[in-house]
Amino acid sequence: MSPEDIVDVQVPPIIEKEEFDEVQAIMKSRAAQLKAPRFVNAPTLLGGVVFCADCGGAMTLRTSGKGEEYRYYTCCTAARQGKTGCRGRTVAMADLNELVVDHVERRLLEPSRLEEVLGGLLQRRQAHAGKEKDRIEELKRQAGDAEAKLTRLYEAIENGLAELDDPNLKGRIAELKRIRDAARADVERAEARDLNGAEITPETLVRFARLAREGLRRDDGTFRRSHVQKIVQRAEVGADQIVVRGSALRLFETLVASGGKCGVETAGIGVRSFVPRWLPGLNETANYEVSISLLPATPKPAKIRKRDRDRAEARRSAGDPKPSLRERAIALARQLGTVRTRDFSDIGVPRFYLARMCDEGLLIKVAYGRYRAAEREAA
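For the sequence shown, counting from 1, position 25 maps to 17 in our numbering; every step adds exactly one.
Next comes the structure, spelled out in structure tokens:
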């Protein structure tokens, strides 16, 4: 076919583009292939939604302890590949859970904040409701026109102006019946959706916020995982802050489906992928973001081995002026302020000594390959 034979015809869309995009996002969120099975019954509150801000890898459960079990969220990239994959990040599970839930309760689940987050969606919903009302009126008009035409045809047959066995007449009657019945069915479906749709008012937001806050915690003080993950779609843990992100569309779906009652489950909520950042439009303004500041970690108390203390005491007693590796490293750090790893190597301090001295509270790692002396020297 030559280009001259092609005729461009503008066809009006059946539905609005915004509605189409919303439906596509909902269909993708409900796809069973997008949720890793290991996250379905995960015992951790933020399992599948908490990630390392440095590498983007998931943070998974890690336990340790002697006699008493300690639970942490640890960067899985660092656990699998070591420091070459990611410098790693470990946070106590109880602390992270409490921080995230507390900020969601206090900062997100406030009626004013909900109104701000959902404002654009509420305006679009009102505009869509107006268009839907106009569409219902148009469908009723089509059904009425088809019914009127059928009435006139029946009168023509009764008055002998048309032959009943005329094939064209039969086809015309069938077509008018199809148009009338289809229009009436569309009107019934549209009116049913309008009746089922909950009206979002300021009172509804207040009730939803209160019930959502109550639903996050059980009577014994623990958290409800399903309720938390309806609101938190992604939590990124960084060095000095935690960034909680979520989809305003999914929060809005929960609000509409529940009618302000947080106990109603919806199929479109809580489904996410094990591929980082899959969620469509996660960085768009239609979604919400909450930043949580972390307190700087305090240096660990010094834990110098008894053998090293005995050696240092023996040198002092013998009047040996030769300083130990630790003493050399601390003296250099106090002299220069911030010291690079290779500067320590130049005075004979090996790299593994630096990590040990950080654990003992003698040095503080301020950046990759850079250290400074602790403010207090261990006794």
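A virtual CB, placed ideally from N, CA and C, is assigned to each residue, including glycine. Computed from a prediction, not measured in an experiment: that's the story for all the values here.
Distance between beta carbons of residue 364 and residue 323, contact taken as under 8 Å: Numbered from 1 along the sequence shown, position 331 holds the residue referred to as residue 323. Numbered from 1 along the sequence shown, position 372 holds the residue referred to as residue 364. Residue 364 and residue 323 do not touch by the CB rule: their CB atoms are close to 13 Å apart, not below 8 Å.
Own chain residues within Cβ distance below 8 Å of residue 96, not counting five before or after: Reading the sequence shown from its first residue, position 104 is the one you call residue 96. Excluding residues within five positions, the ones whose Cβ falls inside 8 Å are 208, 220, 223, 224, 236, 282.
Could you give the uninterrupted runs of the beta strand (DSSP E) lying entirely in the stretch 63 to 116, keeping only those of 3 residues or more? Within the stretch 63 to 116, the complete beta strand (DSSP E) runs of at least 3 residues are 82 to 84.
Relative to the C-alpha of residue 107, which candidate in 358, 243, 7 has its C-alpha closest? Position 115 of the sequence shown holds residue 107. Of all alpha-carbon atoms in 358, 243, 7, the one lying nearest the alpha-carbon of residue 107 is that of 243.
Using 8 Å as the Cβ pair cut-off and three pairs as the minimum, do the stretch 149 to 158 and the stretch 120 to 134 touch? Because the criterion of three Cβ pairs below 8 Å is not met, the stretch 149 to 158 and the stretch 120 to 134 do not touch.
Assigned secondary structure, residue -6 (DSSP; H/G/I helix, E/B strand, else coil): Looking up residue -6 in the sequence shown gives position 2. Coil at residue -6, not helix or strand.
According to DSSP, simplified to helix, strand and coil, what is residue 128? Here residue 128 is taken as the residue at index 136 of the sequence shown, counted from 1. Secondary structure at residue 128: helix, using DSSP grouped into helix, strand and coil.
Neighbourhood of residue 361 by C-beta, 7 Å cutoff - its chain only, sequence neighbours within 5 removed: For this step, residue 361 is matched to residue 369 along the sequence shown. Excluding sequence neighbours, residue 361 sits near 332, 333.
Residue from 197, 136, 127, 37 with nearest C-alpha to residue 170: Along the sequence shown, one-based indexing puts residue 170 at 178. Considering only alpha carbons, the answer is 136.
Under a three-way DSSP split, which group does residue 272 fall into? In the sequence shown, counting from the first residue as 1, residue 272 sits at position 280. With a pLDDT of only 48 at residue 272, under the threshold of 50, the placement of this residue in the model should not be trusted; the figure read from the coordinates follows. Under the three-state reduction of DSSP output, residue 272 falls in the coil class, being neither helix nor strand.
Are the Cβ atoms of residue 44 and residue 77 separated by less than 8 Å? Numbered from 1 along the sequence shown, position 52 holds the residue referred to as residue 44. Numbered from 1 along the sequence shown, position 85 holds the residue referred to as residue 77. The Cβ atoms of residue 44 and residue 77 lie no closer than 8 Å to each other.
Let me know the secondary structure DSSP gives residue 2 once reduced to three states. Working through the sequence shown from its first residue, we reach residue 2 at position 10. Reduced to three states, the DSSP call for residue 2 is coil.
Which residues mark the beginning and the end of the alpha helix (DSSP H) in which residue 207 is found? Here the question's residue 207 lines up with position 215 in the sequence shown. Membership of residue 207 in the alpha helix (DSSP H) is indicated by the continuous run 194 to 208.
Rounded to the nearest angstrom, how far is the Cβ of residue 94 from that of residue 131, given a contact under 8 Å? Within the sequence shown, the letter at position 102 stands for residue 94. Within the sequence shown, the letter at position 139 stands for residue 131. Not a contact, Cβ separation roughly 50 Å.
Expressed to the nearest angstrom, what Euclidean distance is found between the alpha-carbon atoms of residue 210 and residue 87? Mapped onto the sequence shown, residue 210 falls at position 218. Mapped onto the sequence shown, residue 87 falls at position 95. Approximately 17 Å, taken between the alpha carbons.
Roughly how many angstroms lie between the CA atoms of residue 55 and residue 182, to the nearest whole one? In the sequence shown, counting from the first residue as 1, residue 55 sits at position 63. In the sequence shown, counting from the first residue as 1, residue 182 sits at position 190. Spanning the two alpha carbons is a distance of roughly 54 Å.
Is the beta carbon of residue 341 less than 8 Å from the beta carbon of residue 321? Start at 1 with the first residue of the sequence shown, and residue 341 comes out as number 349. Start at 1 with the first residue of the sequence shown, and residue 321 comes out as number 329. Yes, they are a contact pair.
With a Cβ-Cβ cutoff of 8 Å, do residue 83 and residue 62 count as a contact? For the purposes of this step, residue 83 is identified with residue 91 of the sequence shown, where counting begins at 1. For the purposes of this step, residue 62 is identified with residue 70 of the sequence shown, where counting begins at 1. No; because the gap between Cβ atoms is not below 8 Å, this pair is not in contact.
Buried or exposed (CB count within 10 angstroms, at least 16 for buried), residue 163: Here residue 163 refers to the residue found at position 171 of the sequence shown. Answer is exposed; the Cβ neighbour count stays below 16.
Taking the beta strand (DSSP E) that residue 330 falls in, what are its first and last residues? Translated into the one-based positions of the sequence shown, residue 330 becomes position 338. DSSP places residue 330 inside the beta strand (DSSP E), whose first and last residues are 330 to 332.
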